[in-house]
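If you read the protein sequences in the order shown, they are chains R and V. My numbering puts the first residue of the first sequence at 13, with every later residue one more than the last. My numbering puts the first residue of the second sequence at 13, with every later residue one more than the last.
2 protein chains.
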Amino acid sequence: MRIMPSSTSDRSRRRVGRPRARPAQNELPPDQAILDAARKLFRSRGFAATSTRQIAEAAGLRQPSLFHHFSSKTAILQAIVDLAVAPELAFIDSESRRGLEPDVALYRYARFVYTNLATNPNVIGSPLQFPETDAGDFKAFWRAYERIYSTLKSHIAAGVAAGLFDPVDVDVAAEQTFALLEAPLGRPQRSARRATPAARQAAVLVLKGLLKEPRRLPGIQAAADAD
Amino acid sequence: MRIMPSSTSDRSRRRVGRPRARPAQNELPPDQAILDAARKLFRSRGFAATSTRQIAEAAGLRQPSLFHHFSSKTAILQAIVDLAVAPELAFIDSESRRGLEPDVALYRYARFVYTNLATNPNVIGSPLQFPETDAGDFKAFWRAYERIYSTLKSHIAAGVAAGLFDPVDVDVAAEQTFALLEAPLGRPQRSARRATPAARQAAVLVLKGLLKEPRRLPGIQAAADAD
DNA sequence: CTCTATTTCTATCAGCTGATAGAAAATAGT
DNA sequence: ACTATTTTCTATCAGCTGATAGAAATAGAG
Numbered sequence: 013m014r015i016m017p018s019s020t021s022d023r024s025r026r027r028v029g030r031p032r033a034r035p036a037q038n039e040l041p042p043d044q045a046i047l048d049a050a051r052k053l054f055r056s057r058g059f060a061a062t063s064t065r066q067i068a069e070a071a072g073l074r075q076p077s078l079f080h081h082f083s084s085k086t087a088i089l090q091a092i093v094d095l096a097v098a099p100e101l102a103f104i105d106s107e108s109r110r111g112l113e114p115d116v117a118l119y120r121y122a123r124f125v126y127t128n129l130a131t132n133p134n135v136i137g138s139p140l141q142f143p144e145t146d147a148g149d150f151k152a153f154w155r156a157y158e159r160i161y162s163t164l165k166s167h168i169a170a171g172v173a174a175g176l177f178d179p180v181d182v183d184v185a186a187e188q189t190f191a192l193l194e195a196p197l198g199r200p201q202r203s204a205r206r207a208t209p210a211a212r213q214a215a216v217l218v219l220k221g222l223l224k225e226p227r228r229l230p231g232i233q234a235a236a237d238a239d
Numbered sequence: 013m014r015i016m017p018s019s020t021s022d023r024s025r026r027r028v029g030r031p032r033a034r035p036a037q038n039e040l041p042p043d044q045a046i047l048d049a050a051r052k053l054f055r056s057r058g059f060a061a062t063s064t065r066q067i068a069e070a071a072g073l074r075q076p077s078l079f080h081h082f083s084s085k086t087a088i089l090q091a092i093v094d095l096a097v098a099p100e101l102a103f104i105d106s107e108s109r110r111g112l113e114p115d116v117a118l119y120r121y122a123r124f125v126y127t128n129l130a131t132n133p134n135v136i137g138s139p140l141q142f143p144e145t146d147a148g149d150f151k152a153f154w155r156a157y158e159r160i161y162s163t164l165k166s167h168i169a170a171g172v173a174a175g176l177f178d179p180v181d182v183d184v185a186a187e188q189t190f191a192l193l194e195a196p197l198g199r200p201q202r203s204a205r206r207a208t209p210a211a212r213q214a215a216v217l218v219l220k221g222l223l224k225e226p227r228r229l230p231g232i233q234a235a236a237d238a239d
């Protein structure tokens, strides 16, 4: 994939290059405007059903101009999905250095992932239902996704092994828990304001569903909030 | 939408009409073969990314011949999604005449819906992520979907009102529970053999997560199985 | 054997798709 | 003032899309 110019955060100055046919009402750098437009369209119509002309119009330029910023339509999708998983990867990295108990770790994980899926504009749907991410360009994304998913599985497995959770089938429980956390997908993006209590409720549902002794939940919540 | 010939269940007899260019190795009636092929392609590649030529090839005939059985590509999708929700509608109808307690009703609902989504080949993905179902032809489908969803919501609301469940936000709980039950989507279709214990585990997770007194679960399961 | 109905075929179409080529129009550096 | 660089434009393309028109090839009824 070719190297593309990076967005300069320089704003309000008249930009280099030929002016647009219809001047931008949006002061975002062009590549950001394109990602912004593409996100919304991919989310509402899907990738395959969105044309580059639709993206260009929403971004305020002509269709061939897209290809000055992204080498292909697929490259736009790739940029978006990479941004979608980035916060979760960072979270997992920072959590791994904490050494939390499985129940507390799972509570924090559930709350964070749900919130990211509800509020991160780059989240455009379940990757499992984006078949166009098969291509080789998405290997890094899939590695990230796999890491996020296996982190959930290991939290559940650790909780079961420690006797904190019911002796469930770990693979099935991870699948179902992850699906629950993906509830915000398909729904319109939420404000952080509304997402927070819903994320807490999701984490509670998951923990209560798995815990051998649900009375321990308040203690887990306290430990999760303590920092 | 035009009226299309219905599938005769007459088999093994040589069929009326011009023979195929490449004779069928599949003894299904043509419309069933088309639906069969389309289901698999829609599930793996999505609707927009699947061409009528791909469907035709998989079904064993030429692309224009599809339109003798279905008036449009969209009509194929419509037939599939209608078949996807039919079992759930029938279940809801039969359950409504039972007058079960909210907790038992929710357990049975969760188990059934999960199983249908895991085993019904007509389930090709979350309708929320099939933007092409916006069109007017899908009104009946969306009415059905709405009914299925609101049934879940009323089970949860009734349980909360009766003091059986925690005082959760009903809308949020319904959203999250429904997402959990949609876990089988995106994953390859499961055999009934494997789906049954997973469905039970999903129902347990939901009930334990909501119940004020999780110890009541075995009693609920017994009542749900009694018939 | 002829007529009709049915099913599938071949041939074809207009419209849209993602992408390329190369000119045009601006700024920045000297 | 000139040149280089950047960004966007217009013009265009080959390929695929869903769909239509009309001929061809079968079975069945009389």
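Even for Gly, the Cβ is constructed at its ideal location relative to N, Cα and C.
Residue j beta carbon less than 9 Å from that of residue i
i: T131/R; j: L164/R; result: no
i: I104/R; j: I160/R; result: yes
i: S138/V; j: S84/R; result: no
i: L197/V; j: V135/V; result: yes
i: L222/V; j: V180/V; result: yes
i: E187/R; j: A195/V; result: yes
i: Q90/V; j: F142/V; result: no
i: F54/R; j: T62/R; result: yes
i: R228/R; j: L193/R; result: no
i: A211/V; j: F124/V; result: yes
i: A236/R; j: A204/R; result: no
i: P226/R; j: P209/V; result: no
Expected contact under 8 Å - CB spacing of residue i and residue j to nearest Å
i: V218/V; j: A60/V; result: The pair is not a contact, with the Cβ atoms about 33 Å apart (cut-off 8 Å).
i: Q37/R; j: P133/R; result: Not really, about 19 Å apart at Cβ, beyond 8 Å.
i: I88/R; j: I46/R; result: 7 Å
i: V97/V; j: A191/V; result: The pair is not a contact, with the Cβ atoms about 17 Å apart (cut-off 8 Å).
i: D266/V; j: K224/V; result: One cannot answer for residue 266/V here, as it falls past the ends of chain V, which runs 13 to 239.
i: E107/R; j: R120/R; result: 7 Å
i: D149/R; j: T86/R; result: 6 Å
i: H81/V; j: P35/V; result: Contact doesn't hold; Cβ gap of about 18 Å is too wide.
i: K220/R; j: K220/V; result: 6 Å
i: A185/R; j: Q213/V; result: 7 Å
i: G58/V; j: G58/R; result: 7 Å
Beta-bridge pairing of residue i - partner residues as DSSP gives them
i: F177/R; result: L223/R
Runs of alpha helix (DSSP H) wholly within the stretch 80-117 of chain V (minimum 4 residues, chain order)
85-108
Does the stretch 102-115 of chain R come into contact with the stretch 170-184 of chain R, if we say contact requires no fewer than three beta-carbon pairs (one atom in each stretch) closer than 8 Å?
yes
Counting Cβ pairs closer than 8 Å, one from the stretch 67-77 of chain R and one from the stretch 121-140 of chain R, do we hit at least three?
no
Along the chain, which unbroken stretches of the alpha helix (DSSP H) at least 4 residues long are found entirely within the stretch 181-226 of chain R?
182-193 and 204-222
Only counting runs of 3 or more residues, tell me where the beta strand (DSSP E) segments fall wholly within the stretch 18-80 of chain R, in order along the chain.
none
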